Each structure stands twice: as C-alpha cells, then as structure tokens.
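Take a look at the structure below.
Protein chains: 2
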Amino acid sequence: MSTKQCEDMLVGKGVRPTAARILVLQKLSERTSPASLFELEAELETLDKSTISRSLALLLEHHAIHSFEDGSGSIKYEICQSRSETCPVGDRHIHFFCEVCRKTSCLNNIKIPVAQLPEGYIMDTINYTVKGVCPLCNKRRSLKP
Amino acid sequence: MSTKQCEDMLVGKGVRPTAARILVLQKLSERTSPASLFELEAELETLDKSTISRSLALLLEHHAIHSFEDGSGSIKYEICQSRSETCPVGDRHIHFFCEVCRKTSCLNNIKIPVAQLPEGYIMDTINYTVKGVCPLCNKRRSLKP
DNA sequence: AGGAAGTTGCAACTCGATTGCAAACTATCA
DNA sequence: TGATAGTTTGCAATCGAGTTGCAACTTCCT
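These protein sequence lines map, in sequence, to chains Z and F. Here my numbering is used: the first residue of the first sequence is 5, the next is one more, and so on. Here my numbering is used: the first residue of the second sequence is 5, the next is one more, and so on.
Right, dumping it as structure tokens:
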C-alpha cells in the first residue's frame, strides 16, 4: 500500500496517522508473511523498538492489524485484509509454522474453520496455526538424510 | 491418576520415572484445565522451576503431554489423553481463552477441525485456541454494566 | 563398594516485550 | 505569531517467562 493509502486506512480506523504508525502499517502491508516485533525493528531502522511496540498495540486495538502466536516465542503481526470494520474470523486464513526453518507463512487459500461454541461463550478471534515441516525443508531433508 | 499409573505411563513413553517427573505428570493429570510453568511451580512447592521446566521438555519430547500458546504470554501444558503412541491431532479438543479473567479452559466436546494442507506440507500439530469472553465473565458483565 | 551416568536445585542469564520519563512534536486558540 | 496543553517518540531501565552452567546429589550397574 502507498503511504497515502496507509494514512487513509489509519484515519478510517480512528487512529491519528503519525509518521511512525504509517511506517509500521506500510511495512506490514508490504510483507507476504507475518512479522514479529523483532523483524519490524530490523526493517524499520529509523524507529525505536518501543515506538513500534506502542504502534502495534494501537493498531491492534483499532483492528487495523491481527496478532497471533505461532510457537516461535514471539508474537506475529499481520495487516487486516478485510476493509470492513469487524474482520470476520471465518474470512481469515490459517498459518503454518515450520519447525525446521522456524518461518511462519500464510496459507491464504485455507480459511479458519470456525467451531460452534457452547451456549454462553462469546468468540472474539481464533488462532489456528499448524506446526510441521514446510515443503522446502521437507525437500531439503529428503535430499541429504 | 495414581502415582503408580503416572509411573507406568512414563515408563510406557520411554521416560525414566524420577520423583520430579512423576509429580509433574500427576499434577497435570489432576487438573481440569491446562497449566503454565508458573502455575505448576506454585502447586509443586518442593520442585524448582528449572526442574519442572526440564521435566516438561522431556515429557513433551516423549509425547506424554501437549503444549500450546493461548495468548496469555505463557505456554500451557496438558496431559495427553490418548494412550496411543501417536496422539492424532483430530482427536484433540480445542481451547478457550477468556480475555476478561485470563483463564484457559478445555472445550472437551469440540475436536480440532483438521484442515487439508497443500501438497508438500507435513503436519505435526495444530493450535486451535478461541479467544473471547467465557460464560461466567459474560454473565458478570451483563449484571453490572 | 566404586565409578559412570543421569537428575536436581540454585543462581545467573537470555530474550521478547513493556514502562517511566524527558524531549520533541502537533494542534489549537488567543 | 506565540503560548500552552496534549500527544508522540526515543532512550534506558525494567519485567516476566523460560533456559542454562555448574556443583551437589541420586541412581544404576558391575
């Protein structure tokens, strides 16, 4: 997304579009896989870790981004694809965490299966993350055993 | 489970049944909801945090227990229900994390929906955790708004 | 019994993330 | 324009979960 688009998205979500927030959102929009705070820090050299952390918290609060744990030990962040105010959980895709290369990827074509909860439970979001071995590592493995 | 049963389970999984490991496994077997390292430490006063941590790592390795992230910031552990060597992911239940009381509970009747992965991906395990508001907190909320 | 291997507790450390605080910036209004 | 209140940012310190190095202890085997 362009800087302008990011700015517009922030305003649309009710967030004051500061330089730092635009940079964080734009970086997330450019990526093809979810990013951790650490990765964002490395890719946004001009911003401090704490500034990125606070920006992410604000973007999360205003539903401009999602977060989830993939088992890597750090929380992953991803821009919210849906432009609607409430991003329906059933529209969201699942993630795959490779235990060999420790990379998380989006399985964009596979949507999160939404379970029917018992009476009384209110669903906010679902973390559906598959752990295993990705095709690349799988191939690498079978070549040199 | 009795001490003897825990010991047998450890031996069956190929783990030397030391006092610490039996205590950790037994504590997990007694609980109705998953426990964090911190909780286990509090409930097992005679054992050191590091001993519990190492025991959990070993039990995980030998598939006597499962672990998953619920978004609380700490990893949760749960005894493996299935007595079979490989605990099939489709037999496992989903979890619910309440964002109000920050407690994780098992939804024993709801099994993890298993997605079909694209060619080349090897599935090891799935983390399916729903976040939201539990019935108790929901009720409490509606009483005093 | 004696020695090797495995296990445990303590303290120190690692790592991801957050917080307190002061400086810098922004918006608003006189 | 300049004063001022409110917001945002960067730095350093801190937090909290978890792991590791090491020495003491236990278990196992002959």
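Glycine is no exception: its CB is placed at the ideal position from the N, C-alpha and C atoms. A quick note: this is a predicted structure, and the numbers were derived from the prediction, not measured.
- Inside the stretch 27-67 of chain Z, DSSP marks whole alpha helix (DSSP H) runs of 4 or more residues at positions 41-47 and 53-65, from first to last along the chain.
- Around the beta carbon of Z/P92, fewer than 16 other beta carbons lie within 10 angstroms, which makes this residue exposed.
- Between Z/H99 and Z/N113, the gap from beta carbon to beta carbon reaches 9 Å or more.
- If you ignore the 5 residues before and after Z/I26, its C-beta comes within less than 8 Å of the C-beta of T7, C10, E11 and L14, all in its own chain and listed in chain order.
- Straight-line measurement puts the Cα of Z/H70 at about 32 Å from the Cα of Z/R144.
- Beta-bridge partners assigned by DSSP to Z/V137: F/I126.
- Rounded to whole angstroms, the separation of the alpha carbons of Z/C110 and Z/T36 is 8 Å.
- At a cut-off of 9 Å between C-beta atoms, Z/Q30 does not count as an interface residue with respect to chain F.
- Listed along the chain, the chain F residues whose CB falls inside 9 Å of the CB of Z/C138 are G124, Y125 and I126.
- Straight across, the Cα-Cα distance linking F/L140 with Z/N131 is about 22 Å.
- In the displayed model, F/S71 falls within a strand according to three-state DSSP.
- Around the beta carbon of Z/E65, fewer than 16 other beta carbons lie within 10 angstroms, which makes this residue exposed.
- For F/P122, the number of other beta carbons within 10 angstroms of its own is below 16, and it is reported as exposed.
- Sequence-distant Cβ neighbours of Z/R106 in its own chain, meaning closer than 8 Å and more than five residues away, are S76.
- If you check the CB distance, F/A68 and F/I83 come in under 9 Å.
- A Cβ of chain Z is located within less than 9 Å of the beta carbon of F/P117.
- Proximity of the stretch 17-34 of chain F to the stretch 43-62 of chain F meets the contact definition, three or more beta-carbon pairs being nearer than 8 Å.
- Only E73 and G75 from the stretch 65-90 of chain Z bring a Cβ to less than 7 Å from some Cβ of chain F.
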